[in-house]
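What follows is a short report on a single structure.
Protein chains: 2
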Amino acid sequence: MTFDPSISIGVLGGGQLGRMMIQSAMNLNLEVACIDPDPNAPCKNLASHFVNGDITNYDEVLAFGEGCDVITVEIENVNIEALEELERRGKKVFPQPNVLKIIKDKGFQKQFYLDHNIPTSDFVLISKKEELTRHKNLLPAANKLRTDGYDGKGVQIIKTEADLDKGFEAPSLLEKFVDYQKEISVIVARNEKGEMSTFPVVELEYHPEQNLVEFLFSPSEIDLSIRNNARELAKKVISEFDMVGLLAVEMFVTKDGGLMVNECAPRTHNSGHHTIEGNITSQFEQHIRAILNLPLGDTSVKGSAVMINLLGHPNHSGHARYEGLAEAMEITGMHLHLYGKKITKPFRKMGHLTLVGDDLTALKTKARALKESIKIIA
Amino acid sequence: MTFDPSISIGVLGGGQLGRMMIQSAMNLNLEVACIDPDPNAPCKNLASHFVNGDITNYDEVLAFGEGCDVITVEIENVNIEALEELERRGKKVFPQPNVLKIIKDKGFQKQFYLDHNIPTSDFVLISKKEELTRHKNLLPAANKLRTDGYDGKGVQIIKTEADLDKGFEAPSLLEKFVDYQKEISVIVARNEKGEMSTFPVVELEYHPEQNLVEFLFSPSEIDLSIRNNARELAKKVISEFDMVGLLAVEMFVTKDGGLMVNECAPRTHNSGHHTIEGNITSQFEQHIRAILNLPLGDTSVKGSAVMINLLGHPNHSGHARYEGLAEAMEITGMHLHLYGKKITKPFRKMGHLTLVGDDLTALKTKARALKESIKIIA
Numbered sequence: 001m002t003f004d005p006s007i008s009i010g011v012l013g014g015g016q017l018g019r020m021m022i023q024s025a026m027n028l029n030l031e032v033a034c035i036d037p038d039p040n041a042p043c044k045n046l047a048s049h050f051v052n053g054d055i056t057n058y059d060e061v062l063a064f065g066e067g068c069d070v071i072t073v074e075i076e077n078v079n080i081e082a083l084e085e086l087e088r089r090g091k092k093v094f095p096q097p098n099v100l101k102i103i104k105d106k107g108f109q110k111q112f113y114l115d116h117n118i119p120t121s122d123f124v125l126i127s128k129k130e131e132l133t134r135h136k137n138l139l140p141a142a143n144k145l146r147t148d149g150y151d152g153k154g155v156q157i158i159k160t161e162a163d164l165d166k167g168f169e170a171p172s173l174l175e176k177f178v179d180y181q182k183e184i185s186v187i188v189a190r191n192e193k194g195e196m197s198t199f200p201v202v203e204l205e206y207h208p209e210q211n212l213v214e215f216l217f218s219p220s221e222i223d224l225s226i227r228n229n230a231r232e233l234a235k236k237v238i239s240e241f242d243m244v245g246l247l248a249v250e251m252f253v254t255k256d257g258g259l260m261v262n263e264c265a266p267r268t269h270n271s272g273h274h275t276i277e278g279n280i281t282s283q284f285e286q287h288i289r290a291i292l293n294l295p296l297g298d299t300s301v302k303g304s305a306v307m308i309n310l311l312g313h314p315n316h317s318g319h320a321r322y323e324g325l326a327e328a329m330e331i332t333g334m335h336l337h338l339y340g341k342k343i344t345k346p347f348r349k350m351g352h353l354t355l356v357g358d359d360l361t362a363l364k365t366k367a368r369a370l371k372e373s374i375k376i377i378a
Numbered sequence: 001m002t003f004d005p006s007i008s009i010g011v012l013g014g015g016q017l018g019r020m021m022i023q024s025a026m027n028l029n030l031e032v033a034c035i036d037p038d039p040n041a042p043c044k045n046l047a048s049h050f051v052n053g054d055i056t057n058y059d060e061v062l063a064f065g066e067g068c069d070v071i072t073v074e075i076e077n078v079n080i081e082a083l084e085e086l087e088r089r090g091k092k093v094f095p096q097p098n099v100l101k102i103i104k105d106k107g108f109q110k111q112f113y114l115d116h117n118i119p120t121s122d123f124v125l126i127s128k129k130e131e132l133t134r135h136k137n138l139l140p141a142a143n144k145l146r147t148d149g150y151d152g153k154g155v156q157i158i159k160t161e162a163d164l165d166k167g168f169e170a171p172s173l174l175e176k177f178v179d180y181q182k183e184i185s186v187i188v189a190r191n192e193k194g195e196m197s198t199f200p201v202v203e204l205e206y207h208p209e210q211n212l213v214e215f216l217f218s219p220s221e222i223d224l225s226i227r228n229n230a231r232e233l234a235k236k237v238i239s240e241f242d243m244v245g246l247l248a249v250e251m252f253v254t255k256d257g258g259l260m261v262n263e264c265a266p267r268t269h270n271s272g273h274h275t276i277e278g279n280i281t282s283q284f285e286q287h288i289r290a291i292l293n294l295p296l297g298d299t300s301v302k303g304s305a306v307m308i309n310l311l312g313h314p315n316h317s318g319h320a321r322y323e324g325l326a327e328a329m330e331i332t333g334m335h336l337h338l339y340g341k342k343i344t345k346p347f348r349k350m351g352h353l354t355l356v357g358d359d360l361t362a363l364k365t366k367a368r369a370l371k372e373s374i375k376i377i378a
């Protein structure tokens, strides 16, 4: 097969995921165009073509996609109708618009799991807040907006009846809490030939208040049988969607060792950032391989890894400066990734770092100390 | 120390070395501007600012450098006087212009080794061809242009008296052949604080006709004592230059286990491409660390690595296509780097690939087969 790299990939969204994809796409000479509503988006200067536009607008997405050979996303909240039209016009759109339509609406997503025998927690669809009172049996629960939630936004915890008033007025779902022992994630890739490959399971530790991933540990140390089940489950999910591209499947490991799908994202994902240094093939390269129908790469780990998100300090907004970073650069196996965002805001994802080494326990200790020593201030 | 990434790095040259440096600089939010005479240089779309200009022209280099905080190079053949003026105006210029002045002229470079007790082969400076006949005692030898030679160009082998007529008319040097057992390279970094760090020694195998590196093997398997000597010698060379930045020191290992410096390059280098995947810190990141006076990174190998240059097929010129590449992507641990060059020419450096694994011998076998299977055609 002769590879002609004159392929242009269009990405809806120009944030850090697009940026790290460009870093990888460069290795194949691929041109990556981005469209993003932020004129200073992280991909601004790196995209071969950057459009400052509205990714939820039909005409803008259609016009953008017309100039590309393959269209993909780094966020779910995009104009699906335009993607469907691009697909009709013969463009490759991965993930496919029909998959995006289901996943971007958490109600449809949960219903999809139910319809396809994919284990997930009990839930009900809610159209307005007053309906919540009918479902006290599900408490404690999470009330989640069906659309537009991200990075911990659009989620309200309803522990007891007293919290019911905190629920959303907009269409949402009420999801019964799962009594889990671990939160894990499996990233699975699938190309047009139907070939699939999963990354080894990782464990996620969320910040107790921000509802954002604070630490990621790779590879997971849970029982091998659970890990194998999780990787099979991720393959089942992407197959049921008949999806091409990369799918991050977040799961709960229940106390009895069972698995429940929490939610999934049809794109590169925060739970795969460690793969850049921690695995033979990174999630960004794998995404490119999948959407171009190339052979999928070896996902094996090279060692243990801990990933930390670098978030803006809660009390600072403005031109970002990084305390403790030069010192962190003295640590062997510390790999830094800043996202090109000039302005910091409270809890804004400004970058991440990955610690790679042989001993996961030692890395965890190092990571917790490191996290405290870096501050992103203005 | 608080790190403010609002630093702009200016690179003279916008080829593959600049391109791979940008890939790394992104991780620190650094803005990288490039100036290159080729309007379609590999950095064209990736530099934060790209100037299509003449890097040997005083005014153009001065104007370019004025807009940057730190100026560096990816090629030696640049306007030194402009860099000296930028230095006088308070800009950081690494490598320093006085080092570039010595290294870009192979005559000055050899004389520098002699003056600083750095072992190197016997040589004489030649101003025109007819002088060659006076130095038959040095044959077999290489006649090298003092300036402007690169990638095997500007070198003429003078084996016997019969070849004397092939010598250059321009200022050159005649270098006695060294009866060596291996060609090796050590890349050494040095920051403004004077901290130094060497990468592990690698072995180079040149193509017998093209005089270009065909295979690179990492780490070298020669005796540890020779490797230690080589790393010390590289430190001595960069220290004698009092240079800040990255210096690639190519050496011969003589049959009795001694070392002779062949030549050096004050920048990232083809003999360090394998470090992207093969070592904890890549040469590109190390270069950035050095010129920004950051702590130098750990250079340890992660495993064995073989690097292959991907050159344009001798019989093809035009829009590049890659035969055998998709198949190569099935090989575990094969990491591809294409340089963004749309046009292939005979022996043009179009990219490289690195094979990483545990067993260097197995990797070598794999690499030789792989090299045959990839063809860059038009």
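Protein sequence lines correspond, in order, to chains A and B.
Heads up: the first sequence at position 281 corresponds to 281 in full-length UniProt numbering, and the numbers run straight through without jumps.
Heads up: the second sequence at position 244 corresponds to 244 in full-length UniProt numbering, and the numbers run straight through without jumps.
Ideal Cβ positions, reconstructed from N, Cα and C, are used throughout, including at glycine.
To the nearest angstrom, how far is it from the Cα of residue i to the Cα of residue j?
i, j, result
"Gly171(B)", "Val99(B)", "Correcting the residue type first, residue 171(B) is Pro in the shown sequence and not Gly. Their backbone Cα atoms lie some 20 Å apart in a straight line."
"Lys92(B)", "Ile9(B)", "10 Å"
"Asp115(A)", "Leu12(B)", "59 Å"
"Ala141(A)", "Pro208(A)", "16 Å"
"Val73(A)", "Val261(A)", "22 Å"
"Phe3(A)", "Arg321(B)", "6 Å"
"Asn27(B)", "Leu338(A)", "5 Å"
"Val78(B)", "Ala82(A)", "49 Å"
"Asp148(A)", "Val155(A)", "10 Å"
"Gly14(B)", "Pro42(B)", "6 Å"
"Glu327(B)", "Asn293(A)", "12 Å"
"Ala369(B)", "Thr361(B)", "13 Å"
"Phe64(B)", "Pro95(B)", "17 Å"
"Leu138(B)", "Ile7(A)", "53 Å"
"Glu214(B)", "Gly245(B)", "26 Å"
Look up residue i in the DSSP assignment and say whether it is helix, strand or coil.
i, result
"Lys371(A)", "helix"
"Met334(A)", "strand"
"Asp59(A)", "helix"
"Gln96(B)", "coil"
"Asp105(B)", "coil"
"Tyr113(B)", "helix"
"Ile157(A)", "strand"
"Ile376(A)", "strand"
"Ser225(A)", "helix"
"Lys366(A)", "helix"
"Ala141(B)", "strand"
"Arg146(A)", "coil"
"Ser197(B)", "strand"
"Ile308(A)", "strand"
"Lys136(B)", "helix"
"Lys349(B)", "strand"
"Arg190(B)", "strand"
"Phe3(B)", "strand"
By DSSP's criteria, residue i is part of a beta bridge. Which residues make up the other side?
i, result
"Asn279(A)", "Val301(A)"
"His319(A)", "Ile343(A)"
"Thr254(B)", "Tyr180(B)"
"Val244(A)", "For Val244(A), which the question treats as bridged, DSSP gives no partner whatsoever."
"Cys264(B)", "Val249(B)"
"Asn52(A)", "Asp36(A)"
How about residue i: is its Cβ closer than 8 Å to a heavy atom in the ligand SAH?
i, result
"Gln181(B)", "For the structure depicted, the ligand SAH is absent and the ligand set is empty, with no information on it obtainable."
Take every Cβ of the stretch 345-353 of chain B, pair it with every Cβ of the stretch 303-311 of chain B, and state whether three or more of those distances are shorter than 8 Å.
-> Touching, yes, given that three or more Cβ pairs across the two stretches are closer than 8 Å.
Short-range partners of chain A found in the stretch 21-32 of chain B, where Cβ spacing is below 7 Å | For the stretch 21-32 of chain B, residues whose beta-carbon sits nearer than 7 Å to a beta-carbon of chain A comprise Gln23, Met26, Asn27, Leu28, Asn29.
Note down, in chain order, all residues in the stretch 300-327 of chain B with a beta-carbon under 9 Å from any beta-carbon belonging to chain A.
-> Listed in sequence order: Ser300, Lys302, Gly303, His319, Ala320, Arg321, Tyr322, Glu323, Gly324, Leu325, Ala326, Glu327.
Identify each residue in the stretch 71-103 of chain B for which the Cβ-Cβ distance to at least one residue of chain A is less than 8 Å, and report them in chain order.
-> Cβ contacts with chain A come from no residue of the stretch 71-103 of chain B.
At least 3 beta-carbon pairs within less than 8 Å: the stretch 325-343 of chain A vs the stretch 279-298 of chain A | They do not touch, by the three-pair rule.
Listed in chain order, which residues of the stretch 34-55 of chain B have Cβ atoms closer than 7 Å to some Cβ of chain A?
-> For the stretch 34-55 of chain B, residues whose beta-carbon sits nearer than 7 Å to a beta-carbon of chain A comprise Asn45, Leu46, Ser48.
Would you call the stretch 155-164 of chain A and the stretch 179-190 of chain A in contact, with 3 or more CB pairs under 8 Å?
-> Contact between the stretch 155-164 of chain A and the stretch 179-190 of chain A is absent: fewer than three C-beta pairs spanning the two stretches fall below 8 Å.
At a Cβ cut of 8 Å, what residues of the stretch 267-286 of chain B count as close to chain A, listed as they run along the chain?
-> Against chain A - using a Cβ distance shorter than 8 Å - the residues of the stretch 267-286 of chain B are Ile280.
Is there contact between the stretch 184-191 of chain B and the stretch 257-276 of chain B, where contact requires at least three CB pairs shorter than 8 Å?
-> Touching, per the Cβ criterion.
If contact means a Cβ-Cβ distance below 7 Å, which residues of the stretch 327-361 of chain A contact chain B?
-> Taking 7 Å as the Cβ-Cβ cut-off against chain B, the residues of the stretch 327-361 of chain A that qualify are Glu327, Met329, Glu330, Thr332, Gly333, Leu336, His337, Leu338, Gly340.
Got a sec: which bits of the stretch 2-23 of chain A sit with their beta carbon under 9 Å from any beta carbon on chain B, in order along the chain?
-> For the stretch 2-23 of chain A, which is checked against every Cβ of chain B, the residues closer than 9 Å are Thr2, Phe3, Asp4, Pro5, Ser6, Arg19, Met20, Ile22, Gln23.
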